[in-house]
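Just below is one structure, and these are the notes that go with it.
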């Protein structure tokens, strides 16, 4: 069944595309016509992207405690070496990320330092735009790189939960023609009514309306919508209990990670998930071992640790990636904070990860090695890391990577080496 | 069943479906309009459609949907006459909207006022952060609240205008140009430059000449800031002494308010050094590229990277006076690259200043590629997501005849055969803004004075003025139709019908009067809200749903909610 559908989409889809009919629509229609409520093979690879919006200070997150410049440039906000959770003698975790140390020891956490964009903008909105569109420097790209990945990997396009973003709107990174779901609140997803009985009745009514009267994209999308609602009803999010010992922090981040874990465990076919967290723009009173940034890092560490714990064995198929639009100045500013910088650090966690290492080439903090004399230099283009995850973890076809990152030629020799081959 | 679907889809894919295919297609989709299946190459006028159907089509595409009874009124007036009147908005009395606009304080503030307010809010926030020693601070000061309220008002004003204005086609065009010449409200100074941009740059020029609109956007502080042209300077330019020690504007970096400027001369010098370093170093191509790619000739317009650079060089010096105070356009001679350039084959001799930028914009506005690109987008908005060539050609011809008079271009599109062709009727899907506004109009609901209706539009995916990329909100259905969005629309529809949609006041009756039986209710909803487009399937489903509801009020609410959230109402 699956095979014949795939063959049809490949052969028939291309022919129809040349006639002006988008094979995407066709694939969605074909999906709708087949068996509903299928169970998805639980070994499909999953990528969870977590965007730290506001430009996280990579130097206080993953502290280069072995470099004296770090201390001389940050008299007030450097994390004392005695507080740092050492990783490899040169770098260490911020103490409030201690929850991630066991993952490092178990070799399922890798860190890419000095990673960032080839574009030098220090504008939050431009840089976030570039990191989400996957085209630094180009503003007119209509879709996000995760959506382009979904467009190119048609094989897993058989569930409305294939690409899910947690938040009120679909983020730029998932904007595009491939179907993606924005879920604000898993428990409230679907039609709203005062009582469950009224809600179910309303759902059935709309489902009949759309089934009989909708055409084209309205038809296929509505079918997906009702599939999603029905599937979620089966999953029953109100009854979810995280695994024993998985202690999610309170707040939006914890909730988003919990819901992602829940969906993954429910085997509804999630392949790509996204969430974001704000509060990283620490211009004033950043703090060192304690303070503003420390509080954010504590929440992050706790959320990631809870997530990996909650998923348990399922982590063998899951990679979590953190990203941020740029880093912050090496030298602290006059307000005990840091200003917009360039390179930052990204975390890669999960079963398939070649953990226990700091990846990328560390440029050092010497004035001569800085970007524009003030910031940590970028030695790994973020697209190289993203491409590696898509190629080696998600199984994106090698030819497809060029289309996912237009204007860029991913090269395996430049991959940071985050994923075991 | 699967093969029938696939078979029909195969036939759909062919450009000109033969009669047999159309009949098969007709069997699949309940044909809602009372018309005979016609051949494709016909209808040079709305004569193949009934007067009511023509009126409905015009109200769906050239307005934000009909209000109760409006289809009949426009049909009685004659749709072509109505269109003609809409093409001269200045002659349409809009008193009701004008009275409502008085509630919007944002209209009383100019750029300078808003800039001052914004600066105050930023300063207060910084002080609070310093005082609180970096701990998370969530207090909202009254000034903060005012700033946020004004931001919300600005969005709400756009929704209210769309819902209440009698100059509907004009409001549609304002929305079109707002997206074509997109500016992102959330980027720094654009927070206080955008309201003025809409009021004084877009709105006055929305139905004038394209060239004037283009030049107005190029000179607008909002666009100059948004696409960074304000800081594009010829390499090696040095600002005059008065501007040099000024640190970067507030929205980029924050100087320490307690010790600025520093008293120590050595520090002052290093500050000057840093200010010079932070000052723009060279040309910024951002606006030049989008001017060509998005605003004028389009991505296939035949320009090269060299052209982009040349355009950027021509536009060096196009800047803003005191941007952090909401200043006007200002041409900076000292920043201008006066050398010789060549753009798309046209030579710009050296030694010119601001005038060569104007010459460039006029040239771009008159290029066939621009006429084609912009006409294509207009045809996409009015006729079909995949605009027919004939339509675009008609628009370009009108453009040439009228020297780029937007009104004449639109007139050519909406009086052409493609606009009225049956295959293009109800073939588009409403954007979130169009859906919310048309729903509000269909039940004659009244937007209140809060920004909550604009928030509903935002929730459905189209937060106004907050599209980050310069291409603006898209027009094609694929951008808007996804499972989550449809569920949100259904929820919004049900809430509106129940009088519970935030931001609108729904009068109890909505024209249903004494209708009591399910059949009566369905008939009235079909006539008043769906304007006769309700399919047989929908009639059956709603009638069945109403069967066991005893309370007529509840029954009406359910019927209206299902109608507004159903597939027919998503179409335009």
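Chains as they are written, first to last, in the numbering used here: chain A, 36 to 456; chain B, 3 to 574. A virtual CB, placed ideally from N, CA and C, is assigned to each residue, including glycine.
Problem - residue 194 of chain A classed as buried or exposed, judged by whether at least 16 other C-beta atoms fall within 10 angstroms - result: Within the first chain, residue 194 of chain A is the residue found at index 159, counting from 1. By the neighbour-count rule (16 or more Cβ atoms within 10 Å), residue 194 of chain A is buried.
Exercise for the section: Can you say whether residue 307 of chain B is buried or exposed, counting buried as having 16 or more other CB atoms within 10 angstroms of its CB? Expected result: For the purposes of this step, residue 307 of chain B is taken as the residue at position 305 of the second chain. Exposed, because fewer than 16 other Cβ atoms sit within 10 Å of the Cβ of residue 307 of chain B.
Practice task
Examine chain B for any beta-carbon lying closer than 8 Å to the beta-carbon of residue 319 of chain A, and answer yes or no.
Solution key: By 1-based counting over the first chain, the position of residue 319 of chain A is 284. Using a CB distance cut-off of 8 Å, residue 319 of chain A counts as an interface residue toward chain B.
Practice task
Identify every residue that forms a DSSP beta bridge with residue 332 of chain B.
Solution key: The residue labelled residue 332 of chain B in the question sits at position 330 within the second chain. B:321, per the DSSP bridge assignment.
Handout entry: Pairwise C-alpha distance: residue 80 of chain A and residue 308 of chain A
Key = Stepping through the first chain from its first residue, residue 308 of chain A is reached at position 273. Stepping through the first chain from its first residue, residue 80 of chain A is reached at position 45. In this structure, the straight-line span from the alpha carbon of residue 308 of chain A to that of residue 80 of chain A is close to 11 Å.
Problem - Per-residue DSSP class, three states only, for residue 450 of chain B - result: Sequence index remark: in the second chain, residue 450 of chain B carries index 448 (1-based). Looking at residue 450 of chain B - three-state DSSP - the assignment turns out to be coil, as it is neither helix nor strand.
Exercise for the section: Taking 8 Å as the cut-off, decide whether the C-beta atoms of residue 411 of chain B and residue 401 of chain B are in contact. Expected result: Within the second chain, numbered from 1, the residue matching residue 411 of chain B stands at position 409. Within the second chain, numbered from 1, the residue matching residue 401 of chain B stands at position 399. Annotated as proximal: residue 411 of chain B and residue 401 of chain B, with beta-carbon spacing under 8 Å.
Exercise for the section: Have a look at residue 437 of chain A and residue 183 of chain A and give me their C-alpha separation to the nearest angstrom. Expected result: Reading the first chain from its first residue, position 402 is the one you call residue 437 of chain A. Reading the first chain from its first residue, position 148 is the one you call residue 183 of chain A. About 11 Å.
Handout entry: Exposure label - residue 37 of chain B; buried when at least 16 CB within 10 Å
Key = The sequence position of residue 37 of chain B within the second chain is 35, counting from 1. Confidence at residue 37 of chain B is low in this model, with a pLDDT of 36, below 50, so the placement of that residue should be treated as unreliable; the coordinate-derived value is given next. With fewer than 16 Cβ atoms within 10 Å of its Cβ, residue 37 of chain B is classed as exposed.
Handout entry: Interface residues of the region 529-556 of chain B facing chain A [CB-CB below 7 Å]
Key = Of all residues in the region 529-556 of chain B, the ones placed with a Cβ closer than 7 Å to any Cβ belonging to chain A are 537, 539, 540, 543, 547, in chain order.
Handout entry: Minimum Cβ-Cβ distance from residue 458 of chain B to chain A less than 8 Å
Key = The count along the second chain starts at 1 and reaches residue 458 of chain B at position 456. Residue-level contact check: residue 458 of chain B does not touch chain A, since none of the beta carbons of chain A fall below 8 Å from its beta carbon.
Exercise for the section: Under 8 Å between beta-carbons, which chain A residues line up against residue 496 of chain B? List them in chain order, please. Expected result: The residue labelled residue 496 of chain B in the question sits at position 494 within the second chain. Chain-ordered, the chain A residues with CB closer than 8 Å to the CB of residue 496 of chain B read 226, 227, 228, 237.
Practice task
Leaving aside the five residues before and after residue 178 of chain B along the sequence, list all residues of the same chain whose C-beta is less than 6 Å from its C-beta, in chain order.
Solution key: For the purposes of this step, residue 178 of chain B is taken as the residue at position 176 of the second chain. Non-local beta-carbon contacts of residue 178 of chain B in its own chain, meaning distances under 6 Å to residues more than five positions away in sequence, involve 383 in chain order.
Problem - As assigned by DSSP and simplified to three states, the class of residue 119 of chain B - result: For the purposes of this step, residue 119 of chain B is taken as residue 117 along the second chain, with counting starting at 1. Three-state DSSP puts residue 119 of chain B in a helix.
Practice task
Could you confirm whether any beta carbon from chain A is found closer than 8 Å to the beta carbon of residue 492 of chain B?
Solution key: Your numbering for residue 492 of chain B matches position 490 in the second chain. The beta carbon of residue 492 of chain B sits closer than 8 Å to some beta carbon of chain A.
Practice task
Could you say which of B:188, B:211, B:233, B:115 lies nearest to residue 405 of chain B if we only look at CA atoms?
Solution key: Counting from 1 along the second chain, the entry for residue 405 of chain B is found at position 403. Minimum Cα distance to residue 405 of chain B is reached at B:211.
Practice task
List the residues of chain A that residue 567 of chain B touches, going by C-beta distances under 7 Å, in chain order.
Solution key: If you number the second chain from 1, residue 567 of chain B lands on position 565. Those within 7 Å of residue 567 of chain B in chain A are 241.
Practice task
Locate the beta strand (DSSP E) running through residue 357 of chain A, then write down its first and last residues.
Solution key: Position 322 of the first chain, counted from the start, is the residue given in the question as residue 357 of chain A. Unbroken beta strand (DSSP E) run through residue 357 of chain A: 353-358.
Handout entry: Where residue 575 of chain B meets chain A, residues with beta-carbon distance less than 7 Å
Key = This structure does not reach residue 575 of chain B, given that chain B is present from 3 up to 574, and the question cannot be answered.
Exercise for the section: Express the C-alpha separation of residue 418 of chain B and residue 166 of chain B in angstroms, rounding to a whole number. Expected result: For the purposes of this step, residue 166 of chain B is taken as residue 164 along the second chain, with counting starting at 1. For the purposes of this step, residue 418 of chain B is taken as residue 416 along the second chain, with counting starting at 1. When rounded, the separation of the alpha-carbon atoms in residue 166 of chain B and residue 418 of chain B is 28 Å.
Practice task
Compare the C-alpha of residue 128 of chain B against each of A:316, A:394, A:447 and name the closest.
Solution key: Your numbering for residue 128 of chain B matches position 126 in the second chain. It is A:316.
Problem - residue 412 of chain A: first and last residue of the uninterrupted beta strand (DSSP E) it sits in - result: What you label residue 412 of chain A is simply residue 377 of the first chain in a count that begins at 1. For residue 412 of chain A, no beta strand (DSSP E) segment is defined, and its DSSP state is neither H nor E.
Practice task
Could you please give me the residues that DSSP links to residue 146 of chain A through a beta bridge?
Solution key: Indexing the first chain from 1 puts residue 146 of chain A at position 111. Paired residues: A:382, A:393.
Practice task
Round the Cβ separation of residue 345 of chain A and residue 278 of chain A to the nearest angstrom and send it over; I've been treating them as touching at under 8 Å.
Solution key: For the purposes of this step, residue 345 of chain A is identified with residue 310 of the first chain, where counting begins at 1. For the purposes of this step, residue 278 of chain A is identified with residue 243 of the first chain, where counting begins at 1. Contact annotation, residue 345 of chain A with residue 278 of chain A: C-beta distance approximately 5 Å; criterion of less than 8 Å satisfied.
Handout entry: Contact list for the region 165-179 of chain A against chain B, Cβ threshold 7 Å
Key = Answer in chain order: 174, 175, 177.
Handout entry: Whole-angstrom distance between residue 427 of chain A and residue 314 of chain B, CA atom to CA atom
Key = Your numbering for residue 314 of chain B matches position 312 in the second chain. Your numbering for residue 427 of chain A matches position 392 in the first chain. If you take the alpha carbons of residue 314 of chain B and residue 427 of chain A, they lie about 41 Å apart.
Practice task
Under the assumption that residue 237 of chain B contacts residue 336 of chain B (Cβ atoms under 8 Å), give the Cβ distance between them as a whole number of angstroms.
Solution key: For the purposes of this step, residue 237 of chain B is identified with residue 235 of the second chain, where counting begins at 1. For the purposes of this step, residue 336 of chain B is identified with residue 334 of the second chain, where counting begins at 1. With a Cβ gap of about 13 Å, residue 237 of chain B and residue 336 of chain B do not count as contacting.
Handout entry: Where residue 407 of chain A falls, given that 16 or more other Cβ within 10 Å makes a residue buried
Key = Stepping through the first chain from its first residue, residue 407 of chain A is reached at position 372. Sixteen is the threshold: since fewer than 16 other Cβ atoms of the shown chains lie within 10 Å of the Cβ of residue 407 of chain A, the residue is exposed.
Handout entry: Own chain residues within Cβ distance below 6 Å of residue 28 of chain B, not counting five before or after
Key = The residue labelled residue 28 of chain B in the question sits at position 26 within the second chain. Bear in mind that the predicted position of residue 28 of chain B carries a pLDDT of just 33, short of 50, making it unreliable; the figure below should be weighed with that in mind. If you ignore the 5 residues before and after residue 28 of chain B, its C-beta comes within less than 6 Å of no other C-beta in its own chain.
Problem - Buried/exposed call for residue 218 of chain A, threshold 16 Cβ in 10 Å - result: Sequence index remark: in the first chain, residue 218 of chain A carries index 183 (1-based). Residue 218 of chain A is buried by the Cβ-count criterion.
Handout entry: Any 3 or more C-beta pairs closer than 8 Å across the region 80-96 of chain B and the region 53-62 of chain B
Key = Judged by Cβ distances under 8 Å, the region 80-96 of chain B makes contact with the region 53-62 of chain B, as three or more pairs qualify.
Problem - DSSP-derived helix/strand/coil call for residue 100 of chain A - result: Against the first chain, residue 100 of chain A aligns to sequence position 65. In this structure, residue 100 of chain A counts as coil in the three-state DSSP scheme.
Exercise for the section: Return helix, strand or coil for residue 191 of chain A, following the three-state DSSP convention. Expected result: Taking the first chain and counting its residues from 1, the one referred to as residue 191 of chain A is at position 156. Reduced to three states, the DSSP call for residue 191 of chain A is helix.
Practice task
Determine the extent of the alpha helix (DSSP H) in which residue 299 of chain A is found, giving its start and end residues.
Solution key: Locating residue 299 of chain A in the first chain gives position 264, counting from the first residue. Where residue 299 of chain A is concerned, the enclosing alpha helix (DSSP H) stretches over 287-300.
Practice task
Measure the C-alpha to C-alpha separation of residue 488 of chain B and residue 468 of chain B and round it to an integer number of angstroms.
Solution key: On the second chain, residue 488 of chain B is found 486 positions in, with the first residue counted as 1. On the second chain, residue 468 of chain B is found 466 positions in, with the first residue counted as 1. Roughly 21 Å separates the two Cα atoms.
Problem - Cβ-based neighbour list, residue 222 of chain A, same chain, cut-off 8 Å, excluding 5 preceding and 5 following - result: Here residue 222 of chain A refers to the residue found at position 187 of the first chain. Only 272, 273 meet the Cβ criterion.
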